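Protein chains: 2
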Amino acid sequence: MANIFNNIPADIPNEIFEDIIKTKNLRVERIVSKGQSSPDTGWYDQEENEWVIVLSGFGEIEYINGDKIILEQGDYLDIKAHVKHRVIATSPDEATVWLAIFY
Amino acid sequence: MANIFNNIPADIPNEIFEDIIKTKNLRVERIVSKGQSSPDTGWYDQEENEWVIVLSGFGEIEYINGDKIILEQGDYLDIKAHVKHRVIATSPDEATVWLAIFY
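As you go down the protein sequences, you meet chains A and B in turn.
Our numbering numbers the first residue of the first sequence as 366 and each following residue consecutively.
Our numbering numbers the first residue of the second sequence as 366 and each following residue consecutively.
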């Protein structure tokens, strides 16, 4: 057994990406942010669909069409492959823990 | 956008199972329990691996070898296919919200 909120450093100078499950068809990742936006430049343009939920903190997603969505605890979103998006803000004071399923 | 903690009825006479993602290779399910154990009789003996996390409340899992594990908020477990297990207790006072990935 493990806990999704464990092993979060106090200082998070860069976002932390960790695989939890990785198979041929599936990747489940924990992402921990603290004030970062990502990617550094440009947009995510992903081969896979991404289902993502915020488990602590908050994150703001922007789509290339200008739509912006703030995700708080428990909020989830399904981002289809090749729908360009980026994270424009995350909680500066507490860690934002995301669980992302790439499928 | 949706929230994993929304649409939880006050009365939960039976566990609630809802698909969030369903593809050929993947099923993601929200399970909401309140005091139930499951299955009603016997053991889960599943074709797929199950990764499961508790997001609120708690649940106690028993394996057929007698091992018991209590999962509280944020705790997760990877249960391999055909590893027989069952849920022997869930929080009686608040809803236990599980997110399960069958893969």
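In this text, a Cβ means the ideal position worked out from N, Cα and C, and glycines have one as well.
Here the structure is a predicted model, which means the values were calculated and not measured.
Rounded to the nearest angstrom, what separates B:Ala460 and B:Ser398 at their Cα positions?
6 Å
Within chain A, the residues that B:Phe370 reaches when beta carbons sit closer than 7 Å
Gly439
Whose Cβ in chain B lies nearer than 8 Å to the Cβ of A:Thr461?
The contacting residues do not exist; A:Thr461 stays about 14 Å from chain B at best.
Give the residues of chain A in contact with B:Thr388, contact being defined as C-beta atoms less than 8 Å apart.
Tyr468
Backbone CA spacing between B:Ile373 and B:Asp458 [nearest angstrom]:
13 Å
Might you give, ordered along the chain, the residues of its own chain that have their beta carbon closer than 6 Å to the beta carbon of A:Ile466, omitting 5 neighbours on each side?
Val393, Trp416
Is the Cβ-Cβ distance between B:Thr388 and B:Gly422 less than 8 Å?
no
Strictly under 8 Å for the Cβ-Cβ distance: is A:Val397 near chain B by that measure?
no
Using alpha carbons as the reference points, say which of A:Asp384, A:Glu383, A:Gly400, A:Met366 lies closest to A:Asp376.
A:Gly400
Do you know offhand how far B:Glu380's Cα is from A:Gly407's?
44 Å
Report yes if the C-beta distance between A:Tyr441 and B:Ile386 is below 8 Å; otherwise report no.
no
Strictly by DSSP, which residues pair up with B:Gly422?
Partner(s): none; B:Gly422 has no beta bridge.
Under three-state DSSP, which class holds B:Lys445?
coil
B:Ile396 classed as buried or exposed, judged by whether at least 16 other C-beta atoms fall within 10 angstroms:
buried
Is A:Tyr468 helix, strand or coil when you go by DSSP?
coil
In the segment 406-435 of chain A, which residues sit with their C-beta less than 8 Å from some C-beta in chain B, listed in chain order?
Trp416, Ile418, Leu420, Ile434
Three-state secondary structure (DSSP) at B:Phe382?
strand
From the DSSP output, in three-state form, read off B:Ser398 for me.
strand
Are the beta-carbon atoms belonging to A:Val462 and A:Leu420 less than 8 Å from one another?
yes
Taking only beta-carbon positions, decide if A:Ala311 is within less than 8 Å of chain B.
This structure gives no information on residue 311 of chain A, because the portion of chain A shown stretches from 366 to 468.
Per-residue burial, A:Ile369 [other beta carbons within 10 Å of its own, 16 or more giving buried]:
buried
Residues that DSSP places opposite B:Lys433 in a beta bridge
B:Glu427
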